[in-house]
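A.B. asks: Here the protein sequences come in this chain order: A and B. According to our numbering, the first sequence is numbered sequentially starting from 184. According to our numbering, the second sequence is numbered sequentially starting from 184.
Number of protein chains: 2
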Amino acid sequence: MKGLIGVLGGMGPAATVDMFNKFVTFTAAGSDQEHIPLIISSIPDIPDRTTALMHGGTSPLPTMTDYMKRLEKAGAECIVIPCNTAHYWFSELKEASDVDMLSIVETTMDEVVASGKRRIGLLATNATMYMGLYQNSIEARGLECISPTEESQQRVMESIYALKAGELPRATQMMVEQAEALFDRGAEIIVLGCTEVPVILADAVLQNPEKYVDSTGALVRAGIRWYEKRMGKNHLLVE
Amino acid sequence: MKGLIGVLGGMGPAATVDMFNKFVTFTAAGSDQEHIPLIISSIPDIPDRTTALMHGGTSPLPTMTDYMKRLEKAGAECIVIPCNTAHYWFSELKEASDVDMLSIVETTMDEVVASGKRRIGLLATNATMYMGLYQNSIEARGLECISPTEESQQRVMESIYALKAGELPRATQMMVEQAEALFDRGAEIIVLGCTEVPVILADAVLQNPEKYVDSTGALVRAGIRWYEKRMGKNHLLVE
Numbered sequence: 184m185k186g187l188i189g190v191l192g193g194m195g196p197a198a199t200v201d202m203f204n205k206f207v208t209f210t211a212a213g214s215d216q217e218h219i220p221l222i223i224s225s226i227p228d229i230p231d232r233t234t235a236l237m238h239g240g241t242s243p244l245p246t247m248t249d250y251m252k253r254l255e256k257a258g259a260e261c262i263v264i265p266c267n268t269a270h271y272w273f274s275e276l277k278e279a280s281d282v283d284m285l286s287i288v289e290t291t292m293d294e295v296v297a298s299g300k301r302r303i304g305l306l307a308t309n310a311t312m313y314m315g316l317y318q319n320s321i322e323a324r325g326l327e328c329i330s331p332t333e334e335s336q337q338r339v340m341e342s343i344y345a346l347k348a349g350e351l352p353r354a355t356q357m358m359v360e361q362a363e364a365l366f367d368r369g370a371e372i373i374v375l376g377c378t379e380v381p382v383i384l385a386d387a388v389l390q391n392p393e394k395y396v397d398s399t400g401a402l403v404r405a406g407i408r409w410y411e412k413r414m415g416k417n418h419l420l421v422e
Numbered sequence: 184m185k186g187l188i189g190v191l192g193g194m195g196p197a198a199t200v201d202m203f204n205k206f207v208t209f210t211a212a213g214s215d216q217e218h219i220p221l222i223i224s225s226i227p228d229i230p231d232r233t234t235a236l237m238h239g240g241t242s243p244l245p246t247m248t249d250y251m252k253r254l255e256k257a258g259a260e261c262i263v264i265p266c267n268t269a270h271y272w273f274s275e276l277k278e279a280s281d282v283d284m285l286s287i288v289e290t291t292m293d294e295v296v297a298s299g300k301r302r303i304g305l306l307a308t309n310a311t312m313y314m315g316l317y318q319n320s321i322e323a324r325g326l327e328c329i330s331p332t333e334e335s336q337q338r339v340m341e342s343i344y345a346l347k348a349g350e351l352p353r354a355t356q357m358m359v360e361q362a363e364a365l366f367d368r369g370a371e372i373i374v375l376g377c378t379e380v381p382v383i384l385a386d387a388v389l390q391n392p393e394k395y396v397d398s399t400g401a402l403v404r405a406g407i408r409w410y411e412k413r414m415g416k417n418h419l420l421v422e
């Protein structure tokens with residue numbers, strides 16, 4: 184038992200790099216050996232989650248389950264998934280898993296509530312929007328969810344696929360406009376509810392961290408706290 | 184058979200993030216599914232390589248072998264190790280492995296030779312220097328190896344451990360000076376022969392890529408070419 188965390192990634196690869204980087208930079212470690220042990224699957228042939236949910240494409244569940252079980256066989260004691268849309272299948276994956284799992288939606292909502300803000304903007308994939316993955320949780324807590332207009336949502340999706348195609352500058356230009364539109368409509372804080380979005384908006388988040396809830400960051404912080412508890416350690420999280 | 188590449192990392196974690204990021208950004212992919220499949224071990228409790236070689240510390244070989252075999256069990260068909268010093272044990276690891284392995288020293292030396300330069304500077308750990316991991320290869324090809332002076336080498340090592348402790352700005356300040364000293368002594372090009380160094384000198388390399396041979400980058404390019412050959416694909420490497 185060494186508190187090994189398994190990252191079921193590749194959805195997409197750049198978002199998985201971002202999660203790995205946050206595990207390393209959010210951990211207060213004085214040497215290699217003090218870092219959180221991770222095993223990361225970035226096998227990206229998992230069928231597209233949005234296509235499956237919105238356009239009747241192949242379900243990604245069997246492939247995700249296969250790669251999750253490989254992580255468990257390699258020794259993972261806790262599974263995290265740096266993809267919000269994939270959390271549509273979270274309960275089925277949890278059913279198939281023999282180890283702990285942390286939900287990106289739950290860990291992100293914990294940070295939304297802790298922010299004390301009441302008007303919550305949301306940037307996410309069409310499928311995450313359609314499923315109401317965040318809207319339901321936000322409204323269940325008596326908060327207001329401000330989603331992009333239909334036209335704006337199309338641009339959000341275009342930006343996400345642009346990043347997946349390696350076109351970061353084009354993705355950023357498009358996404359910044361959609362974030363500004365949410366602030367203009369009264370959002371006090373914006374949930375980055377797709378793990379590509381913190382990569383796309385990295386500079387904006389760096390400049391105004393208090394204006395965003397980064398779902399990848401929230402899941403990483405929860406992962407580090409899981410490790411602290413499991414291993415009886417403290418003060419591993421950079422404040 | 185899907186051409187899964189196993190990354191035996193955690194030596195250190197930040198260098199492993201850098202390799203993962205390079206696999207993603209060096210691949211010409213239009214969607215998630217076109218990226219190189221990776222499984223990455225970043226379990227950093229592997230005993231320090233320099234301490235083992237220079238100060239009689241615990242050998243990292245048994246732990247490295249264990250983590251490499253886990254990657255193979257998870258389906259890896261090729262192993263890469265983003266740590267130069269660990270390549271002291273490369274032949275023993277290769278002996279224990281049942282799949283392909285790519286050597287960071289060989290792939291880096293291929294790029295040194297391709298550069299056509301003759302006066303080769305070298306930034307690496309004390310142990311990599313002491314073993315002559317690069318000096319021997321450089322001199323065997325009739326090229327001149329310019330290593331840091333003893334005092335400068337101490338600063339190189341201090342810089343590497345500073346990065347491992349999360350102190351990037353301090354690490355960069357120290358390493359830039361040692362690189363400049365090598366150029367002043369006539370180096371035409373510098374081998375970044377420790378995988379922490381491309382992280383520490385990221386800005387300098389971005390500004391003058393033709394002045395450096397990045398060992399992490401060389402191994403990633405070789406990994407992408409291995410995948411192309413294995414899977415019968417072409418044009419996956421961003422030029």
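Positions of the beta carbon are idealized from the N, C-alpha and C atoms, including for glycine. Computed from a predicted model, the values in this text were never measured in an experiment.
1) Provide the residue(s) that pair with serine 224/B in DSSP beta bridges, ordered along the chain.
2) Here's a check: name, in chain order, each residue in its chain whose Cβ is nearer than 7 Å to the Cβ of serine 298/A, leaving out the five neighbours to either side.
3) Considering only DSSP beta bridges, list what tyrosine 395/A is partnered with.
4) For a test of the three-state rule: what should DSSP assign to aspartate 283/A, helix, strand or coil?
5) Are proline 265/A and leucine 221/B close, meaning C-beta to C-beta below 9 Å?
6) For chain B, is any of its Cβ atoms less than 9 Å away from the one on asparagine 309/A?
7) Quick one: residues in its chain with C-beta nearer than 8 Å to the C-beta of isoleucine 329/B, no 5 flanking neighbours on either side, listed in chain order?
8) So threonine 208/A and isoleucine 407/A are in contact, right, with Cβ under 8 Å, and what is the actual spacing, rounded?
9) Any beta-carbon of chain B closer than 9 Å to the one on serine 214/A?
10) By the three-class DSSP mapping on this structure, what secondary structure does glycine 240/B have?
11) Name the residue from Leu402/B, Cys377/B, Lys416/B, Val382/B whose alpha carbon lies nearest to the alpha carbon of threonine 170/B.
12) Output needed in chain order: residues of the stretch 236-256 of chain A with a Cβ under 8 Å from some Cβ in chain B.
13) Can you tell me whether serine 342/B is buried or exposed? The criterion is at least 16 other CB atoms within 10 Å of its CB, across all chains shown.
14) Between the stretch 212-221 of chain A and the stretch 376-395 of chain A, do three or more beta carbon pairs fall short of 8 Å?
15) For glycine 258/A and valine 282/A, what's the separation of their Cα atoms in angstroms?
16) If I measure Cβ to Cβ from valine 152/A and keep anything under 8 Å in the same chain, skipping five residues before and after, which residues do I get?
17) Are the C-beta of proline 352/B and some C-beta of chain A separated by less than 9 Å?
18) Leaving out five residues before and five after serine 320/B in sequence, what residues of the same chain have Cβ atoms less than 6 Å from its Cβ?
19) Should threonine 355/A be labelled buried (16 or more other beta-carbon atoms within 10 Å of its own) or exposed?
20) According to DSSP, is glycine 304/B helix, strand or coil?
21) Identify the contact partners of phenylalanine 203/A in chain B, using a Cβ-Cβ distance below 9 Å as the criterion.
22) Mind checking who valine 263/B pairs with in its DSSP beta bridge?
23) At a CB-CB cut-off below 7 Å, which residues of chain A make contact with valine 207/B?
24) Whole alpha helix (DSSP H) runs in the stretch 319-351 of chain A with 4 or more residues, listed along the chain?
25) Could you name the residues of chain B that lysine 347/A contacts, counting a contact when the two beta carbons are closer than 7 Å?
26) Mapping DSSP to helix, strand and coil, what is threonine 210/A?
27) So for leucine 276/A, helix, strand or coil by DSSP?
28) Comparing alpha-carbon positions, which option in Asn309/B, Val200/B, Arg253/B lies nearest glutamate 334/B?
29) Return the Cβ separation of glycine 193/A and isoleucine 229/A in integer angstroms, given the expectation that the two are a contact with Cβ distance under 8 Å.
30) Looking at the structure shown, is leucine 420/A part of a helix, part of a strand, or coil, going by DSSP?
31) Judging by CA-CA distance, which residue of Pro331/B, Asn391/B, Leu346/B is the nearest neighbour of valine 200/B?
32) Assuming proline 230/B is part of the alpha helix (DSSP H), what are its boundary residues?
33) Using a Cβ-Cβ distance under 9 Å, would aspartate 283/B count as near chain A?
34) Shorter than 9 Å from the beta carbon of glycine 369/A to some beta carbon of chain B?
35) Is the shortest distance between the beta-carbon of leucine 187/A and the beta-carbons of chain B less than 9 Å?
C.D. replies: Here's the rundown:
1) Ile222/A, Leu191/B
2) Ile372, Val396
3) Ile373/A
4) strand
5) no
6) no
7) Arg302, Ile303, Gly304, Leu305, Leu365, Arg368, Gly369, Ala370
8) Going by Cβ atoms, the distance from threonine 208/A to isoleucine 407/A rounds to 11 Å, so no, they are not a contact pair.
9) yes
10) coil
11) Because chain B is modelled from 184 through 422, residue 170/B falls outside the range shown and cannot be assessed.
12) Arg253, Leu254, Lys256
13) buried
14) no
15) 10 Å
16) Residue 152/A lies beyond the range of chain A shown here (184 to 422); nothing can be said about it.
17) no
18) Met292
19) buried
20) strand
21) Pro196, Thr199, Val200, Phe203, Asn204, Ile223, Ser225
22) Val190/B
23) Pro196, Ala197, Val200
24) 333-347
25) Ser214, Asp215
26) strand
27) helix
28) Asn309/B
29) 6 Å
30) strand
31) Leu346/B
32) Element bounds for proline 230/B: n/a, residue is neither H nor E.
33) no
34) no
35) yes
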